[in-house]
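A.B. asks: After the structure tokens below, expect a handful of questions from me.
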Amino acid sequence: MALRGSIDVLSLRRIVGWAWETDAPETPVAVLIAIDRRVLGRCKADLFREDLAVHGIGTGRCGFAMSITAALLSPRHGYEISARREGDGTHLPGSPYVLAPAIGIVGEP
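If you read the sequence shown in my numbering, its first letter stands for residue -8, the second for the next number, and so on.
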């Protein structure tokens, strides 16, 4: 099954993207967001996005957005965040995505 998609917004508090299964275009993809084996959250790619509809990506109802609890990620650390199809673990194209540290400590190399 061909999985298409991407992460369009990646921050310490929010992840926004889309996922679409070409062999099951009407079925929302269940997306799992994780760092290594630590699951940050799950969501369904079923939000309407006009940009996707215009480009013929299904009916456009393949977007997702997930908020991240403030205590889960530190702005002082970088992370490799994976976005995968739940069930078989297939990564979205480009996954894992790199989230760079948002702040640094003065005097660090």
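Just so it is clear, CB atoms sit at the ideal spot from N, CA and C, and this is done for glycine as well.
1. For Glu41, which option in Ser86, Val30, Lys35 and Gly54 has the closest C-alpha, if you only look at C-alpha atoms?
2. Which residues does DSSP pair with Leu38 in a beta bridge?
3. As a quick exercise: from His46, Val0, Leu(-6) and Leu64, pick the residue whose alpha carbon is nearest that of Asp14.
4. Does the Cβ of Ser73 have 16 or more other Cβ atoms within 10 Å, making it buried, or fewer, making it exposed?
C.D. replies: To lay it out plainly:
1. Gly54
2. Gly54
3. Leu(-6)
4. buried
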